[in-house]
Every structure is written in C-alpha cells, then in structure tokens.
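Participant: Shown below is the structure under consideration.
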Amino acid sequence: MSIDLKNFLIAFRQIAEEKRIPEEMMLSIVESALASAYKKDYGKKGEIIKCKIDMKTGNMKFWKEKIVVDENDVKENGEKISFNPLRHITVEEAKNYKKDAKPGDIIKFDLENKLDFGRIAAQTARQVILQKIKETERTLAYEEYKEKEGDIISGIVQRIEKNLIWVDIGRVLAILPKKEQVPGEFYKPGQKMKFYVLSVENTPKGPVVYISRTHPKLVSRLFYYEVPELQNGVLEIKSIAREPGSRTKIAVVSHDENIDPIGAMVGQKGARVSVVMQELGQEKIDIVKWSEDPKEYVANALSPAKVSDVKIVDESKVLVIVPEDQFSLAIGKEGQNVRLAAKLTCLNIDIISEEDVDKKNKKIVSAKVDEEGFEEKESVEESEVEEGEENENRVGSSEIEVEEGKIVEEKEAEKENKGEEAKQEAEDKNEKTK
25 MSIDLKNFLI
35 AFRQIAEEKR
45 IPEEMMLSIV
55 ESALASAYKK
65 DYGKKGEIIK
75 CKIDMKTGNM
85 KFWKEKIVVD
95 ENDVKENGEK
105 ISFNPLRHIT
115 VEEAKNYKKD
125 AKPGDIIKFD
135 LENKLDFGRI
145 AAQTARQVIL
155 QKIKETERTL
165 AYEEYKEKEG
175 DIISGIVQRI
185 EKNLIWVDIG
195 RVLAILPKKE
205 QVPGEFYKPG
215 QKMKFYVLSV
225 ENTPKGPVVY
235 ISRTHPKLVS
245 RLFYYEVPEL
255 QNGVLEIKSI
265 AREPGSRTKI
275 AVVSHDENID
285 PIGAMVGQKG
295 ARVSVVMQEL
305 GQEKIDIVKW
315 SEDPKEYVAN
325 ALSPAKVSDV
335 KIVDESKVLV
345 IVPEDQFSLA
355 IGKEGQNVRL
365 AAKLTCLNID
375 IISEEDVDKK
385 NKKIVSAKVD
395 EEGFEEKESV
405 EESEVEEGEE
415 NENRVGSSEI
425 EVEEGKIVEE
435 KEAEKENKGE
445 EAKQEAEDKN
455 EKTK
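Count along the sequence shown starting at 1, add 24, and that's the number in our numbering.
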C-alpha cells in the first residue's frame, strides 16, 4: 500500500519547515500517528503496532511487535509486570521465529496494510500528530537554548509588563527580570538587542529562558564575537568588573608576545570596541593589561590614572600612592574608578597621594572588593603606610603578622601597666613621709 507521495511530501515539508522540526523527526511523528490510527480500527488494546513510510517510493508498512520475556519473570523497562500475550512472547515460543531468541528481544509480525481508517481513527491520528509536534517543539526549544546558557543571543522586545520585559528570541519568549535591566536603559516593543542567557528551565508548558542586560559576561561575549584573537585563544579575558550602563573594566592577557592585547581588543581606529559600546548604549569600557605581578596589575587596573607606587599590605589589600594631580582621577567620579579596580583585581585598595604620605593627618580613600561604595578617611596613622612598605614583598603572611602584632601589643600594655603601678607606689610613699 502506498500514499500520494508528491502531495504528502509537500504538506510534510511545509509543516516541518514551519515548526522548525527536522524531517526525520517529523516523519517519526507521522508514522506514530498512523500506527495509532491503525490500532484504533484494526488492533487491540495492549498491542504494540508500528508503521514505516518509505520516502522514496511512498510505500507504507504496518507490523506489530512482541517482547521476548521469561514467563516467570516478566519485565518491561526494568519493572516486573504481568504476562500479556498481546505484547509478550515466551522465549520458547519466540525461538520458532528466531533461533537464538532471549529475553528483551523484539519479534515482529507483519500486518495487512490498511489506510481506510474510520472517523474516530482519523481523529486519533490528528490528535497524535498535534500532540507529538508540540512535545517535539518543546524538546527542541529546550535543547537549543540550554546549549546557549552562558552565551549571548539576539532578541526583539515584544511587550513590557510591570517589572518584566518579554523578548522574542525565536522559538520562545524570554524573560528579562527587573534586576537584569540596565538602570537608565529604555526598552520599547520592536527594539532589537543582544542579551546574556542566564538560565533555561524545562517546564511542562515548555522552556523558560531568563536573560540579562547587566551581567558582566554580556560584555566579554560581545568582545569574543568581535575579536578573532579571543576565539583562537591568543588573547584571554582574565577578569571583568562592570557597573551596567556606566562603565566596565576588562583585564586581558596575550599568549603571544607579538600581539598587544589592548590594541587587539580596541581594533583599528577603535572599530572593535566601538561595536561593543554601541550595543551597550555607549557604556564606557577600560581595557587593561593583566599581570601576574599584583603591583603591576593594580597599577594597570587604576588607569587612566598614573600610579607612583603600589605597596602590598597583605594578601587581600594594597596601598596605592599616586601623584597629587592624579588622586581624583584614580578615585574616579563617586569612587567608580577605584571601586571597579578593586573588583577587577579582587583586592581591597587604599589610595593616598604622594604629598600625604609624610603627613600625620592623611587623606586616604578605600575601596573593598565586596562593597559597592568607597570610604574616605581623614586621619590615618603612619603605621598603615609603613606596614605596606614592610609587607610589599610578603604576600600571604598577614595572619602570622597579625598574631605577632597582638603579642607585641599585649607586652607593651603589660609594661605600661607595671610602670603605672610603680609610679603610684612612689606617690603613696611620698604622701606618707609628708
């Protein structure tokens, strides 16, 4: 028995294209639907009926399958069930059709080909096709977007509902939550943008895709697609710190001494960095050279400010000395430059000007890795600068030094207490002699 292959292929390929379902998967759906229709009209409940369509000739074939089982230990998918002669066959009987039959094998029995299905069977086939298409669409969509987690994707803003923005990314509508929206960035229906894929969740109604415009990796992935040297591994982004909509700092290293990492990222006449900035709404981007030397790395991270010296206080803190005319630039507007530098280097940074180093009353600005703001202190003990000088080459020894410091302080306090006691005794003696 055969079908009108020409008309079937036209309809078949049209649906496959519209639903973005591979032809082999679409064919499997149709075959499953025809098998269900056949079973509805000519089969029995519990039977396993299959169908196969030859796409070259249009010929169609139906058959039923029986699973070879041990009659005393019937299992399907690892679960023990009752023997059903409509879908099971014993090993002994199966050997009449296959000499080496064993439990788990499938024995096929050809069926008479029929296509004159009744109304109910035809309706069953239609329902199976629609259901299978929906299931396949959901599965394909989930697999497609799950692979894109941690990458960027293009989308078109569709609608705005309260704090959520719905974005058309192809197969599904993605969700841009309020916290992932850039402050001051306006979104309107029809606007095309790029987004970072945060996560993809599989639900009974289909995949739910969460996207972001604020994630630091949105910037790094935008550069990845603009800079071939990042794609081939010559350049590597080591760290990134971002305040969305305002400014980003990126630390880059080159694994080829002949390639300048900053120049490669910026591009000829700024072509590469301009594309990224345009996508980010002209967000400022500082590209700095990464270094294994923490002092050099911190100095680079504070650019465009020029640094006189960097002293290592301990494994998590550095003291930076800058010329007086670079102090404000090093701090940045509302502390942004030093704040981003701290996040980029994962170090707490204190900044002091050259003129204040030798003063008793110092002005120092501090930025911590895990805090958003910055701190300005007016009266700083000289010991902080001296401590930086002593420890600049001893990263990692801070815990020991702190403990030793405590012991010294305790001894000094003990000496002071004894001195006070001796002084008091002398005064008491004088009073008695009087």
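Positions of the beta carbon are idealized from the N, C-alpha and C atoms, including for glycine.
Quick caveat, the model's predicted, so the values are computed rather than measured.
Can you give the Cα-Cα distance for residue 77 and residue 160, rounded to whole angstroms?
Facilitator: Numbered from 1 along the sequence shown, position 53 holds the residue referred to as residue 77. Numbered from 1 along the sequence shown, position 136 holds the residue referred to as residue 160. Cα to Cα, residue 77 sits roughly 19 Å from residue 160.
Participant: Which residues share a DSSP beta bridge with residue 226?
Facilitator: Counting from 1 along the sequence shown, the entry for residue 226 is found at position 202. Residue 226 is bridged to 231.
Participant: Under the DSSP definition of a beta bridge, which residues are partnered with residue 75?
Facilitator: Numbered from its first residue, the sequence shown carries residue 75 at position 51. 86.
Participant: Pull up the distance between the alpha-carbon of residue 235 and that of residue 300, whole angstroms please.
Facilitator: Here the question's residue 235 lines up with position 211 in the sequence shown. Here the question's residue 300 lines up with position 276 in the sequence shown. For residue 235 and residue 300, the distance between alpha carbons rounds to 18 Å.
Participant: Count the other CB atoms within 10 Å of the CB of residue 213; is the residue buried (16 or more) or exposed (fewer)?
Facilitator: Taking the first residue of the sequence shown as 1, we reach residue 213 at position 189. With fewer than 16 other Cβ atoms within 10 Å, it is exposed.
Participant: Answer yes or no: does any C-beta atom of chain C fall closer than 9 Å to that of residue 77?
Facilitator: Of the protein chains in this structure there is only one, and it is not chain C.
Participant: What number of angstroms, rounded off, separates the C-alpha of residue 15 from the C-alpha of residue 374?
Facilitator: Given that the chain is displayed from residue 25 to residue 458, the structure contains no residue 15 and the question cannot be resolved.
Participant: Considering only DSSP beta bridges, list what residue 192 is partnered with.
Facilitator: Start at 1 with the first residue of the sequence shown, and residue 192 comes out as number 168. Answer by DSSP bridge pairing, in chain order: 180 and 197.
Participant: Below 7 Å CB to CB, which residues in the same chain sit around residue 56 once its five sequence neighbours on both sides are set aside?
Facilitator: Counted from its first residue, the sequence shown places residue 56 at position 32. Result list for residue 56: 152 and 156, in chain order.
Participant: Residue 177 and residue 221 - do their beta-carbons sit closer together than 9 Å?
Facilitator: Numbered from 1 along the sequence shown, position 197 holds the residue referred to as residue 221. Numbered from 1 along the sequence shown, position 153 holds the residue referred to as residue 177. Result yes, Cβ atoms of residue 221 and residue 177 sit closer than 9 Å.
Participant: What is the DSSP secondary structure of residue 315, counted as helix, strand or coil?
Facilitator: Working through the sequence shown from its first residue, we reach residue 315 at position 291. Looking at residue 315 - three-state DSSP - the assignment turns out to be coil, as it is neither helix nor strand.
Participant: Measuring CB to CB, does residue 92 end up less than 9 Å from residue 128?
Facilitator: Looking up residue 92 in the sequence shown gives position 68. Looking up residue 128 in the sequence shown gives position 104. Yes, these two residues count as a Cβ contact at 9 Å.
Participant: Classify residue 61 as helix, strand or coil using the three-state DSSP reduction.
Facilitator: Taking the sequence shown and counting its residues from 1, one reaches residue 61 at position 37. Three-state DSSP puts residue 61 in a helix.
Participant: Give the straight-line distance between the Cα atoms of residue 217 and residue 180, rounded to the nearest whole angstrom.
Facilitator: Position 193 of the sequence shown, counted from the first residue, corresponds to residue 217. Position 156 of the sequence shown, counted from the first residue, corresponds to residue 180. Cα to Cα, the separation comes out at about 6 Å.
Participant: Given a cut-off of 9 Å, decide if residue 289 and residue 277 are closer than it, judged by their beta-carbon atoms.
Facilitator: Your numbering for residue 277 matches position 253 in the sequence shown. Your numbering for residue 289 matches position 265 in the sequence shown. In this structure, residue 289 does not lie closer than 9 Å to residue 277 by Cβ.
Participant: Using DSSP bridges, identify the partner residues of residue 266.
Facilitator: Locating residue 266 in the sequence shown gives position 242, counting from the first residue. Per DSSP, 272.
Participant: Quick one: Cα of residue 230 to Cα of residue 204, how far?
Facilitator: In the sequence shown, counting from the first residue as 1, residue 230 sits at position 206. In the sequence shown, counting from the first residue as 1, residue 204 sits at position 180. In a straight line, the C-alpha of residue 230 is about 22 Å away from that of residue 204.
Participant: Is it a yes or a no for the region 357 to 367 touching the region 253 to 273, going by three-plus beta-carbon pairs under 8 Å?
Facilitator: The region 357 to 367 is in contact with the region 253 to 273.
Participant: Verify whether the separation of the beta carbon atoms of residue 110 and residue 70 is less than 9 Å.
Facilitator: Here residue 110 is taken as the residue at index 86 of the sequence shown, counted from 1. Here residue 70 is taken as the residue at index 46 of the sequence shown, counted from 1. In contact: residue 110 and residue 70 (Cβ atoms closer than 9 Å).
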